Amino acid sequence: MGNRRRRRLLGTALSAFTCIALVAGCAQQISGTPTTMGSYSTTEVAGLPVSNGPSGPKPGAPDAPLSVEGTDNGEMDKLARNAVADIDDYWTSVFPKAFPGKRFAPVKRLVSYDAGGPGAQVCGESTAGVVNAFYCPPDDLIAWDRGTLLPELDNSFGPMAVVAVLAHEMGHAVQHRASTATSNDQVIVLEQQADCFTGAYFRHVAEGSSKYFQISTGQGLNEVMGVLSFIRDAPGKSDFQGRNAHGSAFDRVTAFQYGFDEGPQRCGQMDFDDVSKRTTLFGSWKTEQDTDLPVDQKGLSAVEKSLQEVFRDTGAEPPSISTDQSTCRDRKPTSPATYCESTNTIALDVAALQKIATPPNKDAESGYGDFAAYAQVASRYVLSVQKAAGLTLDDPAAGLRTACMVGAWSGLLVEDPIGKRNPVGSLRVVPEDIDEGVAALLGEDSLIAADVNGKQVPVGFARVEAFRIGVQEGMAPCSTKYSAT
C-alpha cells in the first residue's frame, strides 16, 4: 500500500501559553448578509448568530451556595463552585427530555485540593502532585486542583477553560445517571461522550440561558475548543483502545461540536462502533516518533507530489509551485503562499512557512508545527482545483471548500483512512499532524480556510467543521455542502 518508507509530518500539542486573550468589551454581532451553503450559514454557529464579545462570568452573577470540601474560598474555588452549580442547573433542566425515565441528581461531593500541598486521600488515592480534575464514580464526587491546574487554565485560556474542564467531568457523572456507558465500554467512548456533553452544555451558555456565565460564539468558542486541543492525548503516548485514551484534539473537538450542534441525545448514542468509525485514523498511535518533514526544497517536493497524486482524478492541471514570490505579480501576496489564477502558479514565502512549522512552545510567537505549514501550501493548491471546476474563489464558500479539501487531502494520507478508503501515495500523516491543522484553524492567521485573497472565514467553529468533514468524508461534501450561492 504505497511506499512503506513513510515520511512523518509530526507536531506537538498546542501549548496553553500560545493562546489568544479573551476579547473584552460589549458583544458585537458579525455584520454582513448571511450566506447559506447547503445546510450552513457563514454568519451562524449551529444556528446561533456569530458574535465576538465578553466570555466568562456574568457581571453581578451570584455566588453558588455549594459545599466544597478542602476549599480555601479563593477565586479559583469560587469559579469552580459557580461552574458546577451552573452545569447542575443545565442538566436538571434538560435531563428528563434527553433521557426519558432517568433522573438527574447533583454529585454528592465536591472536593478542592492543592496539588503542590501535602496531599489528601480522595477516591482512594493521594492528591499530592495530581495536577488534574476528575470524577470518582464510587464516591460520586468531582475534585479539582485549585493550586496549579485551574490557575494555569484561567491564565492561559480564560475562565471558561475552567468551566469546560468541569463540564467534562460532570459529563462522566451524567453517563452514570443516564446509563449511556457501562464498565465494558472503551475509555475513548467515555471520553468522547463527556466531550460531547460539554458541547451540549456550552450551547446552553451560548444561547444566553446560563445564570452564571456568558460566551461569544466567535472567539469564545474558539478558546474552549483550544482548551480541548491543549488537554488532548500527548503525541505517541496513547493507544486508541488504551485504558487512558482521551482522544486527539481532532477527536475531542469533533465530539464537542456534535454536542453543541445536536444536543445531549447525540452524545448518548455514542458507542464504540460510532467512535471507531470516526476515529479509525487514530487507531495506530506510535510510541516511536519519526522526525518532522522540514520546510525545504525536498519537503516541498514531497508535498507537491502528494497533492498531485490525491487530486489527479479531478482532471485539473496541477499548478506550478515556486519559491520565487515575484512569479505572482498579478495578485496581492497572501503570506505564506499566494495562488495566481492567471498563471496557475503558487508562490511561496519559505521563511514564513518555516516559522509556522516551528513546534509550539511557551513563546507566543512560536508556530504550530510542520503539517500546519504544509496545509497552507495545500490550501492554495486546492484553489487551482476549484478554479478548474469553474468555482468562485473569492467568497466565504471558497474558504470553507478550501478547508474541506485540505481535510480530504489529509484524510487520504493516513495509514488507514476513515470509510475504508485506500491511502494515496507514500507521504503519511498521524494524529498529531491533524491536530496541528485544528490548532491553526482556531488561530486568526491561517490560509487553510481562506479564499484566494487570503480572507479567512470568520467563524472558527465553521473552519474546523469544514476541515473535519473533509477528513472524515472525503472530497464529495466539499463541493455539495459548500457550494456557492
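Read left to right, the sequence shown gives residues -24 to -1, 1 to 461 (mature numbering (1 follows the signal peptide of the UniProt record, and there is no 0)).
Positions of the beta carbon are idealized from the N, C-alpha and C atoms, including for glycine.
None of these values were measured; they are calculated from a predicted model.
- Note on T456: under 16 other CB atoms within 10 angstroms of its CB, so exposed under the neighbour-count rule.
- Counting the other CB atoms within 10 Å of its CB gives P94 a total below 16, which places it among the exposed residues.
- If you draw a 10 Å sphere on the C-beta of G446, you find 16 or more other C-beta atoms in it, and that means buried.
- Between the beta-carbon of D325 and that of S302 there is about 12 Å, and that puts the pair past the 8 Å contact cut.
- With a cut-off of 8 Å on Cβ pairs, the segment 424 to 441 is in contact with the segment 375 to 389, counting three or more such pairs.
- Distance check between D421 and each of F248, I410, D409 and V435 places V435 closest, using alpha-carbon atoms only.
- When the alpha-carbon of S298 is set against those of C243, R356, P270 and G343, the nearest one is in R356.
- Note that the C-beta distance between A140 and V60 is not below 7 Å.
- Between A231 and S205, the C-beta spacing is not below 7 Å.
- Here DSSP, grouped into helix, strand and coil, assigns P30 to coil.
- Minimum Cα-Cα distance from K253 among the listed residues K187, L269, I164 and F236 corresponds to I164.
- Contact between the segment 83 to 97 and the segment 65 to 73 is absent, with fewer than three C-beta pairs closer than 8 Å.
- F178 is positioned such that its CB atom lies closer than 7 Å to that of F236.
- For I63, the uninterrupted alpha helix (DSSP H) run begins and ends at E51 to A74, by DSSP.
- For D121, the enclosing beta strand (DSSP E) starts and ends at L117 to D121.
- C-alpha of P294 to C-alpha of I118: approximately 55 Å in a straight line.
- If you ignore the 5 residues before and after H144, its C-beta comes within less than 6 Å of the C-beta of A170 and T174, all in its own chain and listed in chain order.
- Relative to the Cα of A365, the nearest Cα in the group M201, S69 and C454 belongs to C454.
- Assigned with DSSP and collapsed to three states, A323 falls in strand.
- Taking 7 Å as the cut-off, the beta carbon of S386 is found closer than this to the beta carbon of V405.
- As the crow flies, the alpha-carbon of A154 is around 52 Å from that of Y315.
- The secondary-structure analysis by DSSP pairs Y111 across a beta bridge with I118.
- Cβ-Cβ separation between E412 and Y458: approximately 22 Å, too far for a contact (criterion under 8 Å).
- By alpha-carbon distance to P372, the top candidate from M52, L276, A442 and Q168 is A442.
- Considering only S282, E183, A56 and I410, the residue with the shortest C-alpha distance to A137 is A56.
- Short of 6 Å from the beta carbon of Q273, and not among the five residues preceding or following it, lies no beta carbon of its own chain.
- Between R79 and A157, the alpha-carbon positions lie close to 16 Å from each other.
- Residue state for P135 is assigned as helix, using DSSP reduced to three classes.
- Using a 10 angstroms sphere on the CB of S69, the tally of other CB atoms stays under 16, which defines it as exposed.
- Between E280 and S88, the alpha-carbon positions lie close to 52 Å from each other.
- In the structure shown, Q241 adopts helical secondary structure according to DSSP, grouped into three states.
- Closest by C-alpha distance to Q151, out of V83, A354, Y234 and R305, is V83.
- In the same chain as P135, and ignoring 5 residues on each side of it, the C-beta atoms closer than 7 Å to its own belong to G32, P33 and L55, in chain order.
- Of the candidates V106, M146 and A91, M146 places its Cα closest to the Cα of F71.
- The residue from N429, T124, A292 and A327 with its alpha-carbon nearest to that of C304 is N429.
- For D268, the closest of V21, F347 and E449 by C-alpha to C-alpha distance is F347.
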